[in-house]
Each structure stands twice: as structure tokens, then as C-alpha cells.
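In the numbering used here, the protein residues as written are 202 to 754.
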Amino acid sequence: MSVGSFLGLLAPLVLKRLIDEILPNRRIGLLVGAVALIFVCHQGRAVLSSLGGYLTLVAAQRLARDLRLRLLRHLDTLSAAYYESTQVGASIYPLQEPIDEISFLGSDLLPALLRMVMATILTLGTMLALNARMTVAVLPLIPIFLATRKHFRTRLERDSDTVQHNQLAWGAFLQEHLSSIIAIQLLRQEKRQERSARRLLGTSARSLIGLFRNGVWFTFYTSLSIALAITAVVGYGGRNVLTGTLTLGGLVAFYTYLTQLFEPLSGAAEIYLRAQKTFASIRQVKAVLDLQPAIKNSVSATQFPLGNSWTIDLADVYFNYPNNRGLLSIPQLEIRSGELVAIVGGNGAGKSTLAKLLARLYDVSSGAISVSGQDIREINIDSLRANVNYAPPHPILFDLTLASNLRLGNIRASDPELMDVIQRVGLTTWVGSLPDGLNHSVGPGGSRLSSGQRQRVGIGRSILQQPRILILDEATSSLDARSEQLLLSTLRDILPASTIIVISHRSSALSCVGRVIVLEAGHVVEDTTPEILLRNHRGSSPFGSVDIRSCPL
């Protein structure tokens, strides 16, 4: 870029000599040399600019790749509180357009800025050497440009941030809309969604128009200063030519330098306008990188307790979500190692909240949850995740094969181990009917499987992990009562030493457990056996509309 800028300065000097000396004196040999030199200047400048552009493009793409990976790694550290309160589209957006804008900074914006700075400095120096008076006459117009930039700066920054915000809102809406399209069709809400889309797109369009309008005014005032400079040079320089104090070649060369000076300054208006959008993208990405995970390792974090006893103790546990929903208060509760326990209760009783606290998706507001006397906040998160498995109601399956989804629980599991787990969770007949068997693709989100099959695969994945503590949060809700009972009985056989916690709305799950903990409004109201629970309630269910007498105890 530096050499290219130098070649740009050389061409007007050759042109000056061509007009003042070579043409009037009819020096044919020098004419050929001058023409060749002008060709080298222009072509060399173009080649060097292209090479510089290529190198900066490569660097910018590497930057974009590294920044996306850094942002993705950071998003992986954020806790459940962030993802349960943030739309998926809002989480995805910083990984897309803002980083494209930042890579534009490296591939186009920064090189253009460097070319502008080098061209301005070198051109001004040459102009001063060529004709100091004319240069000094032009210099006062440069502060006019700078003052114009300062005047519009705040407005352009505000408009750029507004555009980013509106585009983020549209991206979040689009993500939610496309992921819920079947529900929208079934509920006949297409028109409502269209109205929302029209409103969001209209807001986005108005913000873009406002940004463009301010950019137009910015360009108008800066181009006005350039037009005044050119007019002054042509008038003043023409007068000097007529009086004999300046040669015609000198005027042409000076005019050429002036256009070279204000050419980058003219482009600076557009560069600055685009830069504001880029800086807004940088602020957007930085805001995500500044987010801190609510769940993180303690400085003195230790490994999950070794041994064969993993008793869970809750002491003075109190928790509520940031918006004060889902209050949970448990003064004391012990779940002994190796127990098969059911936690039941009505909707909103706090069952899933307790499960998430045990898996440390959230931290308690006060009090402590311990495993074998070790506060789980003092256990390394990776070690905790390897030993405490949380199976949600809707297991996440990836667009991979059945085998690949199962191996997420144990990457080293062999095909015979997979088939054993498939038999344990009751999928042998189904897998045997598949042409590809274990290599069957489950589709995006497991869309090629029924909800019951997805839950069986999710539980199979948990079994392969061989957790010390297994938490099933409505993880069998899509199975019929008999299948649920068989699966829970199988879990006891496969994980004989593990602590298994079953969260369920259904009484059919009680036939396989030895203990039932009843939650109501975030408090433990009963802690007993299924038989005593049945006798105390005489058929009325403490956890929903299901008749407890349907439980084959």
C-alpha cells in the first residue's frame, strides 16, 4: 500500500514535465519514456492495491473464524439462566452479521483507512513542495470536513446502534417463527405472525432510512468542502498561469494532487458511515463477551467425591429465579446413596427447579447442596457433569445417526454396548426394523423419531454415561404406564449403586420406587413410602389429576 501510494504521487510529476518540457520541445524519446512511466505508475498502483486487498482479506477471514470460535466457546460457558431468558435468535445473531461487519473492518475498512492516511500525508507533502501558497489556501477547508464529521458523529452512532437492535429483534422473531411453524399453522396464527413481521420489518426499514438520511447529509457537507477547494485551486492557479508565476503543467499537476487529496477524504464520509455500523457490531460482540456465566468453577474446585457413597444433603436451601418465580425453600433433606426416589407434586411445585439445582444448572440463593459432604459448588463442573446426569423431559437429539447420538453419553462405547443399551430401553424391535440399524439418521432434533423413542434414546444416552446420580425430570412422560415401569425397573438393574431420582406427574412411576418426596409450593410437605402415601390420601393424588389407585403397588 505504501509503494502504491508513492506511485500515485509520481504520475502527476511525470505529467507536469510532459506538459512543460517534453511536448513543447518535441522530445520524442522522452515522450515514450514518460508514457511508459505513467503506465507503470497506474498499473503498479492497481496491482499493489489488489495484492494488499488480498492479504488483508485473508487476515480478516482468519479473524472472523477465530472470533466466531471465541464467541462460541464463551456462549458454551453461559449458564441456564441466560438461555432460559434469552431467545435463540438473539443468541445466534452476534455470531452472524456483527462478525461479518467486523471482518469487513479488516478486509475493506482498515485498508481503505490506511490508504487514505498515507495518500493524504504524502500528497500534502508533495503539494507543499510544489506550491506552498496554493496548498496553504486549501488547508483551512480540511477542518471544515473534520467539524462536519464531529457534528454528525453522535447521530450516526445512535442510528447505527438502532439498526443493530432492530435487526437483532427481527432475527429473534424469525428464529422463533420458523422453529414454531407447525404450531402456528395448527393454531391458525399465520396472520398474526405476519402482522408482527410487518411491524418489525417496518421498524428496521425506518431505522435504516434514518441512518442513510443522516449519511446523505454528511456526504453533502463534506462534498461541499471538496467542491470549494477545487474551485479555489482552479481560480487561483489559473490566475497564476496567466501572470506567469505558475506553469500550465504545474497547475495540472497541482489539480491532480488536489483530487488525489480529496478523493480519499471524499471516501472518508462513506468510510466513516460504514465504520459506525462496524463499531456497533464490535460493541454487540463485546457485550456478549462481557457476559459472565452464573455457574463457574470455584478457585479451589475439587473432583467429584470418590468411593461408593453419594448421599445428597440439602441444608437450608432457598432459591428463586431472577424474576421471583418458582420459590423453593427446603430446610433439610437427605437422599441416601443408592436410593430410588420419586419427587412428585403439582404444576409449579418446584420439582424441576429442585432437579436443576441438584444438577447445578442453577446455584442456590442461600444454603447448600452437598454430595458426600462436598458442596457441589466446590466440585469441578466437568467432574460434576460426568457423575450427575440430568435427563430433561425433551432430550436434545442432533441431526446425526442413532449410534452417534447414543455415544454422546460415552464416546468410546462399542456397537455391542450400544445394542445392549437399546435392548434395555426397549428399542430392539424398532432398531431391528431399520435398514441402517444403528446408522439410522434421526433427523434434525430427532424429528424422525416419535416422542417416546426420543425419550428412550435420551435415557439410553444417560445409561451409557454410567452416572453416580441420575435425575429423570419427566424423562418417561411420553411412555405408557407399563413401559415406564419396565424402564425404571431396568434402570435399577443397570445402575445398582447409583442414586436415581424420578420426577413425575404420574402415579405409575411410584410402583418402582421405595420413597416418595411430595413438593407443594416449593416446600417438602411429605416424605414417605408409596404405600403410606396411598393410604394417607385414600386415592386422591397430591401431584395432579391421576388417581393413585391406578398405581399397581
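Note that CB positions come from ideal geometry on N, CA and C, so glycine has one too.
Mind checking residue i: buried by the 16 CB within 10 Å criterion, or exposed?
i, result
"LEU232", "exposed"
"SER746", "Note on SER746: pLDDT 40, under 50, position unreliable in the model; the coordinate value appears next. With fewer than 16 Cβ atoms within 10 Å of its Cβ, SER746 is classed as exposed."
"ILE773", "Outside the shown range of the chain, which is 202 to 754, sits residue 773, and nothing can be said about it."
"SER361", "buried"
"LYS217", "buried"
"GLN654", "buried"
"ASP168", "Lying outside 202 to 754, the shown extent of the chain, residue 168 is not represented and no answer is given."
"GLU391", "exposed"
"VAL589", "buried"
"ASN606", "buried"
"ARG736", "exposed"
"ILE410", "exposed"
"TRP418", "exposed"
"PRO769", "Outside the shown range of the chain (202 to 754) lies residue 769, about which nothing can therefore be said."
"GLY403", "exposed"
"TYR563", "buried"
"SER690", "exposed"
"SER203", "exposed"
"LEU252", "exposed"
"LEU270", "exposed"
"LYS487", "exposed"
"TYR768", "One cannot answer for residue 768 here, as it falls past the ends of the chain, which runs 202 to 754."
"PRO596", "buried"
"ILE300", "buried"
"VAL714", "buried"
In chain order, what residues of the same chain lie with their CB nearer than 7 Å to the CB of residue i, ignoring the 5 residues before and after it?
i, result
"GLY758", "This structure gives no information on residue 758, because the portion of the chain shown stretches from 202 to 754."
"THR363", "SER408"
"ALA476", "LEU310"
"ALA430", "VAL339, LEU342, LEU459 and PHE463"
"SER584", "GLN504 and PHE505"
"ARG537", "THR512"
Give the DSSP bridge partners of residue i, in chain order.
i, result
"ILE718", "ILE544 and ASP728"
"ASN590", "LEU671"
"ILE580", "THR503"
"ILE570", "LEU515"
"GLN390", "According to DSSP, GLN390 bridges with nothing at all."
"GLN575", "VAL572"
Hey, would you say the C-beta of residue i is under 8 Å away from at least one heavy atom of the ligand MG?
i, result
"LEU429", "In the structure shown, the ligand MG is absent, as is every other ligand, since no ligand is present at all."
Hey, does residue i have any beta-carbon neighbour from chain B nearer than 9 Å?
i, result
"ILE623", "The chain inventory of the structure shown lacks chain B, comprising one protein chain alone."
Once the 5 residues before and after residue i are set aside, which same chain residues still bring their CB inside 8 Å of it?
i, result
"PHE374", "GLY290, SER397, ALA398 and LEU401"
"ASP576", "ALA569 and ILE570"
"ASN521", "GLY527, LEU528, LEU529 and SER566"
"GLN262", "SER304 and SER308"
"SER501", "GLU579"
"ASP616", "ALA604 and LEU639"
Just to confirm my understanding: we take residue i, look at its own chain, exclude 5 residues before and 5 after, and list those with CB closer than 6 Å. What are they?
i, result
"SER206", "MET319, ALA320 and LEU323"
"SER250", "GLY205"
"LEU238", "VAL215"
"ILE664", "VAL622 and ILE695"
"HIS641", "LEU603 and LEU635"
"TYR591", "ALA560 and ILE672"
| Is it true that the segment 320-329 meets the segment 296-311, where meeting means three or more beta-carbon pairs spaced less than 8 Å apart? | no
| said: Suppose only complete runs of 4+ residues qualify. What are the alpha helix (DSSP H) ranges in the segment 595-649, listed by chain order? | reply: Here the runs fully enclosed are 603-607, 616-625 and 629-633.
| message | If we require 3 or more residues per run, which beta strand (DSSP E) segments fall completely within the segment 652-718? | response | As far as the segment 652-718 is concerned, its whole beta strand (DSSP E) runs of at least 3 residues are 670-674 and 700-704.
| said: I want to know whether the segment 689-699 touches the segment 724-740 - three or more CB-CB distances under 8 Å. | reply: no
| query | If you scan the segment 489-557 from start to end, which runs of the beta strand (DSSP E) of 3 or more residues do you find wholly inside it? | reply | 513-520, 529-536 and 541-545
| query | Is the segment 480-499 touching the segment 548-559 in the sense that three or more CB pairs, one from each, lie closer than 8 Å? | reply | no
| query | Can you give, in chain order, each stretch of the alpha helix (DSSP H) that sits fully within the segment 278-330 and has at least 4 residues? | reply | 281-286, 289-293 and 298-305
| request: Count the C-beta pairs between the segment 705-712 and the segment 529-548 that are closer than 8 Å, then say yes if the count reaches three, no if not. | output: yes
| request: Decide yes or no for the touch test of the segment 274-293 against the segment 371-389: beta carbon pairs closer than 8 Å, at least 3 of them. | output: yes
| field | Three CB pairs or more closer than 8 Å across the segment 274-282 and the segment 490-501 | value | yes
| query | Would the segment 507-520 and the segment 679-690 be scored as touching if the rule is three or more Cβ pairs under 8 Å? | reply | Counting Cβ pairs under 8 Å, fewer than three are found: no touch.
| Is the number of C-beta pairs between the segment 332-347 and the segment 431-439 that are closer than 8 Å three or more? | yes
| Inside the segment 376-445 only - alpha helix (DSSP H) runs reaching at least 4 residues | 382-387 and 391-444
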